[in-house]
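In what follows, a structure is listed as structure tokens, so that the remarks can point back to it.
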Amino acid sequence: MHRRILDVTSYTTLDYVETSLLGPDWTARSPAVLDVSTPDENEDLDPATVTLSLEVDPVDATDGERRATRVELTPAQARTIADDLESTADEVESAND
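Each residue of the sequence shown is one higher than the one before, counting from 11 in our numbering.
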């Protein structure tokens, strides 16, 4: 098993999600870790942001390279995403009831 770039702890938002990796002429599916956090003092990130981090497991990825992606969001951007996730989840649940 490879060493993760992101720490996976009991505080990790989602320690297992399925992802789709899309390239210009390929698609691959792979498990991943998704975490929402605030930067700690050891990170070179704006402390006034919410951090969304995704690490795709390279086992099923096409190039096999380890990487994690971080998106720094303002509180307003984080709320916009949260609202959109909630309304989309409601739509999916309604369609499947």
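Ideal Cβ positions, reconstructed from N, Cα and C, are used throughout, including at glycine.
Same chain only: Cβ atoms within 7 Å of residue i, ignoring 5 sequence neighbours per side
i, result
"L16", "V43, D45, S63, E65, A78"
"E28", "R39, P41"
"T22", "V43, D45"
"T84", "T59"
"Q87", "none"
"A99", "none"
Own chain partners of residue i with C-beta closer than 6 Å, once the 5 adjacent residues on each side are dropped
i, result
"S47", "T61"
"V18", "D25, V43"
"G33", "none"
Proximity winner among the options, relative to residue i (alpha-carbon distances)
i, options, result
"Y26", "P34, T84, D35, R14", "R14"
Other residues of its chain near residue i: CB distance less than 8 Å, five sequence neighbours each side excluded
i, result
"S20", "none"
Under 8 Å: do the region 49-61 and the region 79-86 share three or more Cβ pairs, one atom per stretch?
yes
Of all the beta strand (DSSP E) runs that stay within the bounds of the region 42-101, which reach a length of 3 or more residues?
Scanning the region 42-101 from its first residue to its last, the whole beta strand (DSSP E) runs of 3-plus residues come out as 60-66, 78-83.
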